[in-house]
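Sequence order for the protein chains is H, X, V, S, F and R.
Residue numbers for the first sequence follow UniProt numbering, so the first one is 1 and each next one is one higher.
Residue numbers for the second sequence follow UniProt numbering, so the first one is 1 and each next one is one higher.
Residue numbers for the third sequence follow UniProt numbering, so the first one is 1 and each next one is one higher.
Residue numbers for the fourth sequence follow UniProt numbering, so the first one is 1 and each next one is one higher.
Residue numbers for the fifth sequence follow UniProt numbering, so the first one is 1 and each next one is one higher.
Residue numbers for the sixth sequence follow UniProt numbering, so the first one is 1 and each next one is one higher.
Where a beta carbon is used, it is the ideal one built from N, C-alpha and C, also for glycine.
None of the values given here were measured: they were computed from a predicted structure.
Data block below; observations after.
There are 6 protein chains.
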Amino acid sequence: MNENMQKYLEKAEVLIEALPYIQRFNRKIIVVKYGGSAMVDDELKKQVIQDVTLLKLVGFKPIIVHGGGKEISRWVGKVGMEPQFINGLRVTDDETMEVAEMVLGKVNKSLVQLVQQLGVRAIGISGKDGGLLKVDKKYSDGKDIGFVGDVKEVDAQILEDLLEKDFLPIICPVGMDDDYNTYNINADDAACAIARAMKAEKLAFLTDIEGVYKDPEDPATLISELRVDEAQKLMDEGYIGGGMLPKLQNCIDAIEHGVSRVHILDGRIAHCLLLEIFTNKGIGTAIINGEENRYYHE
Amino acid sequence: MNENMQKYLEKAEVLIEALPYIQRFNRKIIVVKYGGSAMVDDELKKQVIQDVTLLKLVGFKPIIVHGGGKEISRWVGKVGMEPQFINGLRVTDDETMEVAEMVLGKVNKSLVQLVQQLGVRAIGISGKDGGLLKVDKKYSDGKDIGFVGDVKEVDAQILEDLLEKDFLPIICPVGMDDDYNTYNINADDAACAIARAMKAEKLAFLTDIEGVYKDPEDPATLISELRVDEAQKLMDEGYIGGGMLPKLQNCIDAIEHGVSRVHILDGRIAHCLLLEIFTNKGIGTAIINGEENRYYHE
Amino acid sequence: MNENMQKYLEKAEVLIEALPYIQRFNRKIIVVKYGGSAMVDDELKKQVIQDVTLLKLVGFKPIIVHGGGKEISRWVGKVGMEPQFINGLRVTDDETMEVAEMVLGKVNKSLVQLVQQLGVRAIGISGKDGGLLKVDKKYSDGKDIGFVGDVKEVDAQILEDLLEKDFLPIICPVGMDDDYNTYNINADDAACAIARAMKAEKLAFLTDIEGVYKDPEDPATLISELRVDEAQKLMDEGYIGGGMLPKLQNCIDAIEHGVSRVHILDGRIAHCLLLEIFTNKGIGTAIINGEENRYYHE
Amino acid sequence: MNENMQKYLEKAEVLIEALPYIQRFNRKIIVVKYGGSAMVDDELKKQVIQDVTLLKLVGFKPIIVHGGGKEISRWVGKVGMEPQFINGLRVTDDETMEVAEMVLGKVNKSLVQLVQQLGVRAIGISGKDGGLLKVDKKYSDGKDIGFVGDVKEVDAQILEDLLEKDFLPIICPVGMDDDYNTYNINADDAACAIARAMKAEKLAFLTDIEGVYKDPEDPATLISELRVDEAQKLMDEGYIGGGMLPKLQNCIDAIEHGVSRVHILDGRIAHCLLLEIFTNKGIGTAIINGEENRYYHE
Amino acid sequence: MNENMQKYLEKAEVLIEALPYIQRFNRKIIVVKYGGSAMVDDELKKQVIQDVTLLKLVGFKPIIVHGGGKEISRWVGKVGMEPQFINGLRVTDDETMEVAEMVLGKVNKSLVQLVQQLGVRAIGISGKDGGLLKVDKKYSDGKDIGFVGDVKEVDAQILEDLLEKDFLPIICPVGMDDDYNTYNINADDAACAIARAMKAEKLAFLTDIEGVYKDPEDPATLISELRVDEAQKLMDEGYIGGGMLPKLQNCIDAIEHGVSRVHILDGRIAHCLLLEIFTNKGIGTAIINGEENRYYHE
Amino acid sequence: MNENMQKYLEKAEVLIEALPYIQRFNRKIIVVKYGGSAMVDDELKKQVIQDVTLLKLVGFKPIIVHGGGKEISRWVGKVGMEPQFINGLRVTDDETMEVAEMVLGKVNKSLVQLVQQLGVRAIGISGKDGGLLKVDKKYSDGKDIGFVGDVKEVDAQILEDLLEKDFLPIICPVGMDDDYNTYNINADDAACAIARAMKAEKLAFLTDIEGVYKDPEDPATLISELRVDEAQKLMDEGYIGGGMLPKLQNCIDAIEHGVSRVHILDGRIAHCLLLEIFTNKGIGTAIINGEENRYYHE
């Protein structure tokens, strides 16, 4: 029994360690962009939802924004549609939009299901509900790529109402333009716009990479914390490429509009969200505004 | 101008005529089961949504429950699935349920879109959100027909929260069982269960028939108002058949659990909802509890 | 029946046409100065009250300010008092004030009665209740004309309380000076002061004229809309005379203190209020602040 | 200065003596029927209003119900009307009712004026406002005496709303029947009905007599406290006569419907209300439910 | 790093394990009787306060009731008082009560200090504040033992107010009798009375023993869970003796008045509260109402 | 009886005289620094508490801040401690602080007891509760005098919460520094800091002197009212000395931070608080901001 008791005590210590973090983020809003591998692997999916639900239960106000992952592509194929591309970007015509909205809706409700199962009230909405996301049509180098939109306005009232009523909101990135047409929105962009509008304390991107590297070839160059000016400099100097470029741009954008800390987390690591928030172990890269937000000092 | 003025005065009179009806139903809940032709014809669709939105604006608290119409069948075919039938009922296997939920989600958001366009805050949810609809698996003569559920419990909290926040809730009839599996629910049943749980003043079914006939062969036998006991008698005596039988059973069930008046409306008539509520012209058949709820006296 | 159905459908269309207007003025305050012929003719009286009650029921927040019409003169005669005049203005001595307050109180309660009869909660108050209207003694060319006051301060708290409790407030234009003496106030002035204090969306004067004419001799010169600067110019250039002069001054005053639109309506036209608000037919003359408030374009 | 100081100390002691009474009746409703000499004598009038205002300020919730005193008769004469009588009761025809309502309205506002002057928010209403008093036509031995009504229902919502908003409500006893005709109500009856509906702690009648006597000829037989059963017995045994009979019936009625203590006070004594409530000197007669409400023990 | 990561993952797992417990007790009241060794040892003291504070932060509503431990005796000696005993019980005369109240007050504020230091709002009160604890004088076999009281009434309003305002209330067991004299109360009794009055979900006694034994000589007979009827039987059969007897009586009393589960915890074990609530390791003995509250099945 | 009646009427007049004062200070905060003789003499103590309780009941929001008087010294001696002095100031070492906190706690609860006895809800807290008083260590001419603190921050939230819940807060002047050590605070300073933080209408110091004199040797030079600039001038010119100097500095400080009127009252006069507030007899000296706050004109 002594050995068991030792184990139990260690558990209690872990809970006690969490105390200052629970304290610090009490009633703060945290927007979680949920995507990538963590959406495909069922075990990871369950862990992400457990993490977010725990955050809700201990007093945070989390909001999930999710994408559709590879599920959209799968269904586009399933209904026998021919994908079209312009500049390597998928053209979202009427029918593709229809399928995308259906798939995103399905994913949305499957997340609601998991949260409800853990005993927390969830509500799944799209950017159409309550006019949450208003978009402008987006062009790729001036070319028409169909119903792809840029968020031009967030009407946060619906989120404030739902948080007040103690729901965990789960949002899929679909919005409407001024003529009430339906548009697909990049989930990273949607999460960033919502974090800004809600003056979130944190914005966390669950991704399939470990974080930002100074040298992508060298894992040892992973950067734990990055001030916005440092991030900007890295971008200016060409260290950042590929999909990380717009993501980092979103991070900077969020920080500059009042979000305190943006995290690029490796969604392939179990419970990466909890680890980031409740331990002094930084996972991935945090974008911060200034030195006062720096946590991890060597 | 005199002629114009005459026309304007007539308009004012119509508004004034509406006064006692607005007064009578102020802050009352009305559940509208929206389905059938009114979902297919774009003009009728717009009119139904205009009607419900007007009800919202003049002080009612409408809730829409919708089905998927023929859209589900269309998509089931589109993805190349083979329909199976037992006792003439479609078997809802895993994949069918997946498609059904996607299609219902799409229809749901298209209604949200129309309401938002009219300047009223709408929110589209399914019976999964906030655990609204809890179901038991349903069998057809003891045969397994897959993920088809009977509502066993309504957790109305989410609807009360949304009405309090002044949303127009739009609900698709999908629910979960005790193990959090997804089930399809008959939209009439869902509407009836929600009307009961919300202690609605009215429940209106938009259908593709004119109402209840004593003799279905003879249009002149359309019944304007029917007390529950009269309805029961008609059923017992075999006058009612086909799809009207379960619908009428739902009506009786709703009345017996506190709904004041249930309407079977002909959704093919433009603005049938407004006509029923704001004029002394009864559209279709009203099921009532007793003589004191009788409106139309010859 | 087809013909009837056609008629019913037209009614529904009228209601649907009202939708954007209901939407636009939802929870907005509209102050109605009720006087003139519309107070004398019982049919018109009923119609005005129906109009205001409808506005209340569909979500507006109307406030009625009324005068005493010819009823005061009738009772002054009835009790055998000799009217006195200075500069053609009636001198309001102690006794006249007493009779005026009694008559205004009676008219006030008769309006309460009509509104209550239509099923809406009304409350009739004077400017004494809750200290609503504070006045300074008014002089006519330096001559003492008795207990006639200018509104110097509006304590709007009582109106905010009553609107919050969902009453339709009906106000008679009597106030008190700093020594708590009773004064009569011109009903137009009282309505204007209240509209300003409540930051009303609209202020409507029910009068016995069609509106503002460029040439009073020529009915064809009736002006539908008038920007404040245009109104000022008309006044400066001497086009406006008689009782219209102070009324127009009140309109300008209200607009300059935040009321969006002031209407001079012909109270002799049945349902002139509804026609003005719910149709695109302008009745009488609207005073507006700038081009963005112009409705009626030829 | 010593002498002055002594005087000041005595004042402080009086305030301190009031402490337990203030404590006991904190937030309790007290309905004051105001009538008789206290309405005619200006000094007494001011004192009554001071008393009620003080009760309001120290935390009670007083409601005033007033009559019209001799003022109605005076004005009926003034406008040259011929009084008619049936069974010695004045017949209230249309015109008499009109004058009565006007006079009661005037008295009502004069009380508002006095309370406002003391810095407390007053609102004067009649039983028409908010549908407060609903009446049935009253007959005298089967004879029609015109617009005289018995209270059949009190809609207390308006009073609850006004008390919640911290107003001192002042009510004149006019009501409407089911057809919204105006009726005069006996002020004692109105006060009693309102006290019952509001579940008042106290109901106080300001009268022109000292209280209830065992032997009206002998002032020494004034009764300080009377249990309802004792009062009933006195009535049954014929000790009580004249105007005291219906008044005592009202007292018993109020007690039996939940009012804790009803007072018949001599309104001719300055500050009789304060004396009754804040000192251990009983003024007039108190009707109580049982021994536990007895205050004054010899 | 792999090894570290492993350790971090284990931490995350511990947090996730807590999820259902946090969920189950969300917004539930838990009364903690804090005494014994856990009050003397500074490290244990800190751990108890950390535990309670964590419970507060994750959504519970804890209330601490504490004794004075040996501190009272120490100060009684320090001021040179001679202790008196009757039946082996300390007599609490005026002076002893004075010292006891002072010492309890000091302990109370030292707990406030520790909670505040952890960033949670604490408020330290005694049973005098807001009239929380009303007592009757207690006698020991009919002998006067001074100012020692039995709780006869709990006025829980103050605790409801403080919980609503999100304070962690810390209570010392001092109360007043009907004459407002000060009395000492046994802390176990006070905790039990408060748990009953607040309809607490849990009541936990921090003690210096491991729990209830069937055979106190044999540690192996420690009982994990005990239904009230089993507890009663043990007492009836003489298995329970010494200080455990009144404690167990308190447990039964609490359960019978609606507390769901009462815990006798070994306060000498670090974080015994967290271990009991957040792990499936039962510490000490739980008194339960029936089988449905049994947690630990072998 | 006539004579008695006369006496009663005079009592009523005293209550009526209080009306404007009750009106003026309705819902205003008044901070009372309670100390000196009024704490030692039991009769005076009872009178002060009666006064404050009456203020509470008639609608003020009083807050009591008290010192420990000579009681601390008495207990320091009682436990056999040797007092140490630096610059004539008592050095507050660990043990002295412990005794001081205990004694202040005892005094605190004895005041709670008195207020509760008068039927008003009291709560006794120290500056530690809810983190009310944050202090910096204070030095005397650079010398360490132990745990004596200057208020550096007031977290008024706890007081706002308690007032909202209708408690009468009673505060003892103990606070914590940034490291959560306990410090004694001068009660005058604490009262002044709290009055500033709560934007009190009044701050009253109960002292053992009559007020401020121009010439302390000549009682006739007692000053009734003093503008801050006059007070400053008196201080600059050396008229003020001894304990009055810091007290007057506190008065000026309070006035300059928004308190309307600060009173230096002679606590040896019975009911000095009531006399000051409810009569036109000024007791002691009032410090005011400008002429508009002057009450007493010769």
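- DSSP places F/Thr207 in no alpha helix (DSSP H) but in the uninterrupted beta strand (DSSP E) bounded by Lys202 to Thr207.
- Fully contained in the stretch 140–175 of chain X are the following alpha helix (DSSP H) runs of length 4 or more, in chain order: 157–164.
- The beta-carbon distance between R/His66 and S/Leu9, rounded to whole angstroms, is 24 Å. This is too long to meet the 8 Å contact definition.
- Secondary-structure assignment with DSSP links S/His66 through a beta bridge to S/Tyr34.
- Contact check for V/Lys106 and S/Glu98: beta-carbon distance about 7 Å, within the 8 Å limit, so the pair qualifies.
- Relative to the Cα of F/Ile269, the nearest Cα in the group F/Glu210, F/Ile72, F/Ala254 and F/Tyr34 belongs to F/Glu210.
- Within chain R, Gly105, Lys106 and Lys109 have C-beta atoms less than 8 Å from the C-beta of F/Glu101, given in sequence order.
- Secondary structure note for R/Glu82: it is in no alpha helix (DSSP H), with a DSSP letter that is neither H nor E.
- Residues of the stretch 112–123 of chain H whose Cβ lies closer than 9 Å to any Cβ of chain X, in chain order: Val112, Gln113, Leu114, Gln116, Gln117, Arg121, Ala122 and Ile123.
- Three or more Cβ pairs closer than 8 Å define a contact, and the stretch 189–209 of chain V meets that threshold against the stretch 25–33 of chain V.
- For X/Pro169 against X/Ile63, the beta-carbon gap comes to about 5 Å, under 8 Å, which counts as contact.
- DSSP places H/Ala18 within a helical segment (H, G or I) once states are collapsed to three.
- Per the DSSP secondary-structure output, X/Ala190 pairs with nothing in a beta bridge.
- Annotation for F/Thr285: the continuous beta strand (DSSP E) segment containing it runs Thr285 to Ile288.
- Listed along chain X, no residue sits closer than 9 Å to V/Phe167 by beta-carbon distance, the nearest being about 14 Å off.
- The beta-carbon of X/Gly77 is placed no less than 7 Å from the nearest beta-carbon of chain H.
- By a beta-carbon distance limit of 8 Å, R/Leu265 contacts R/Thr207. Their separation comes to about 7 Å.
- With a threshold of 7 Å between beta carbons, S/Lys45 makes no contact with chain R.
- Closer than 9 Å at the C-beta level to chain H, one finds these residues of the stretch 46–72 of chain F: Gln47, Gln50, Asp51, Thr53, Leu54, Leu57, Val58 and Gly59.
- Apart from the 5 residues on each side of it in sequence, H/Lys152 sits with its Cβ closer than 7 Å to the Cβ of Lys134, Val135 and Asp136 in its chain, given in chain order.
- Look at X/Ser126 here: in three-state DSSP terms it is strand.
- If you draw a 10 Å sphere on the C-beta of R/Lys247, you find 16 or more other C-beta atoms in it, and that means buried.
- Taking the Cα positions, H/Asn108 is about 16 Å away from H/Leu132.
- When rounded, the separation of the alpha-carbon atoms in V/Ile252 and X/Leu226 is 59 Å.
- Closest in C-alpha terms to V/Tyr180, from the list V/Val52, V/Val40, V/Gly130 and V/Ile123, comes V/Gly130.
- Taken through DSSP and simplified to helix, strand or coil, R/Asp136 comes out as strand.
- Checking the DSSP bridge columns, you'll see R/Arg227 partnered with R/Ile288.
- Your pair S/Val174 and S/Ser126 checks out as a contact, with CB atoms roughly 4 Å apart and the cut at 8 Å.
- Looking only at F/Asn186, F/Gln249, F/Gly243 and F/Asp215, the smallest Cα-Cα distance to F/Ala231 is reached by F/Gln249.
- The C-alpha of V/Val228 is placed about 10 Å away from the C-alpha of V/Ala254.
- Only residues of its own chain outside the window of five on either side were considered, and among them Thr221 have a CB closer than 7 Å to the CB of V/Asp215, listed in chain order.
- Looking from the CA of V/Asp188, the closest CA among V/Val14, V/Ile16, V/Tyr34 and V/Leu15 belongs to V/Tyr34.
- Taking 7 Å as the cut-off, the beta carbon of V/Ala156 is found no closer than this to the beta carbon of V/Val31.
- Across the stretch 15–32 of chain V, CB contacts with chain X closer than 9 Å involve Leu15, Ile16, Glu17, Ala18, Leu19, Pro20, Ile22, Gln23, Arg24 and Asn26, in sequence order along the chain.
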